[in-house]
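Chemist:
In this note's numbering, the protein residues as written are 3 to 243.
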């Protein structure tokens with residue numbers, strides 16, 4: 003199988019933007035991958051790619067880990083990613099992807115317009131956000147935007163945001179990689195991309211961290227929400243087209 007260099011460059015851009023936004027590369031990588039691979043191949047490649055990129059983020063941003071959020075947001079994420087991964091073989095993903103796009107458009111737009119609106123960082127809100135993001139990650143390959151939306155609403159400091167999100171994402175990816183492998187989503191003909199994606203995960207995280215230094219905390223939440231809004235638009239337009 004011949005490598006598509008342009009796809010790899012887009013994967014690098016997805017990783018850089020995912021690091022800057024704080025919610026991981028899958029929100030960009032999955033829509034990009036769907037132009038080049040079948041949906042289930044994208045799920046398998048995304049899980050493997052994310053394991054590398056999230057290990058890089060944990061290492062580079064490790065001082066910002068929020069243990070409470072890892073517990074209350076992370077555990078529901080892991081439980082529901084398994085459920086979503088198992089259901090991905092049974093449900094029509096077109097309508098679910100469309101619903102995800104509309105959901106991201108609506109909530110990111112709401113928080114951009116209502117700047118004073120803040121979700122209280124309660125245990126209940128953490129559990130709900132974790133369950134939704136985990137289920138979406140298992141079913142559609144991307145749940146970081148939902149988790150990012152929840153965490154952005156909590157007005158967290160950017161290093162805490164990125165490190166905590168990456169740690170939770172790593173737990174999600176480890177769980178869903180096992181489920182996807184058992185579902186047959188990790189195909190032999192796609193494995194040629196894996197070494198390149200592992201390197202891109204590390205390089206993109208490093209570049210994203212360097213860029214993040216120049217982004218003030220006051221603008222970080224707005225940038226994250228704008229990126230999520232763009233993701234929602236791309237998702238809906240791709241499905242309609």
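Built from N, CA and C at the ideal position, the CB exists for glycine as well.
Determine whether the beta carbon atoms of residue 145 and residue 174 lie at a separation below 8 Å.
Modeler: yes
Chemist: Rounded to whole angstroms, what is the Cα-Cα separation between residue 194 and residue 128?
Modeler: For residue 194 and residue 128, the distance between alpha carbons rounds to 38 Å.
Chemist: Return the residue from the list 96, 16, 111 and 54 that minimises the CA-CA distance to residue 227.
Modeler: 111
Chemist: Among the residues of its own chain, which have a CB less than 6 Å from the CB of residue 139, if the five just before and after it don't count?
Modeler: 83, 145 and 174
Chemist: Note the first and the last residue of the continuous alpha helix (DSSP H) segment covering residue 72.
Modeler: No alpha helix (DSSP H) contains residue 72, which DSSP labels as neither H nor E.
Chemist: Can you tell me whether residue 56 is buried or exposed, with buried defined as 16 or more other CB within 10 angstroms of its CB?
Modeler: buried
Chemist: Say yes only if the C-beta of residue 183 is nearer than 7 Å to one or more non-hydrogen atoms of the ligand PLP, and no if none qualify.
Modeler: The model depicted lacks the ligand PLP and carries no ligand whatsoever.
Chemist: Can you check whether the CB of residue 133 is closer than 8 Å to the CB of residue 223?
Modeler: No, they are not a contact pair.
Chemist: How would you label residue 213, buried or exposed, when you count the other beta carbons within 10 angstroms and need 16 or more for buried?
Modeler: exposed
Chemist: With DSSP collapsed to three states, give me the class of residue 56.
Modeler: helix
Chemist: Please go through the segment 180–216 and give each complete alpha helix (DSSP H) segment of 4 or more residues, from N-terminal end onward.
Modeler: 196–214
Chemist: Where does residue 27 sit, in a helix, a strand or coil, going by DSSP?
Modeler: Coil at residue 27, not helix or strand.
Chemist: Straight-line CA distance for residue 29 to residue 233?
Modeler: 7 Å
Chemist: Give the DSSP-derived three-state secondary structure of residue 124 in the structure shown.
Modeler: coil
Chemist: On the three-state DSSP scale, how would you describe residue 268?
Modeler: With the chain covering only 3 through 243, there is no way to say anything about residue 268.
Chemist: Buried or exposed: residue 179, going by 16 or more other Cβ atoms within 10 Å of its Cβ?
Modeler: buried
Chemist: Take residue 4 as the anchor and find which of 62, 208 and 38 has the nearest alpha-carbon.
Modeler: 38
Chemist: Since residue 102 and residue 142 are thought to touch, with beta carbons under 8 Å apart, how far apart are those beta carbons, to the nearest angstrom?
Modeler: The C-beta distance from residue 102 to residue 142 rounds to 6 Å, short enough to fall under 8 Å.
Chemist: Suppose the cutoff is 8 Å on Cβ atoms and the five residues either side in sequence are ignored; what does the same chain contact list for residue 100 look like?
Modeler: 237, 238 and 241
Chemist: DSSP three-state label for residue 33, please.
Modeler: helix
Chemist: Would you check if the distance between the CB atom of residue 106 and the CB atom of residue 22 is smaller than 8 Å?
Modeler: no
Chemist: What does the alpha-carbon distance come out to for the pair residue 108 and residue 116?
Modeler: 12 Å
Chemist: Can you tell me the Cα-Cα spacing of residue 86 and residue 160, whole angstroms?
Modeler: 29 Å
Chemist: How many Å lie between residue 35 and residue 72 at the Cα?
Modeler: 29 Å
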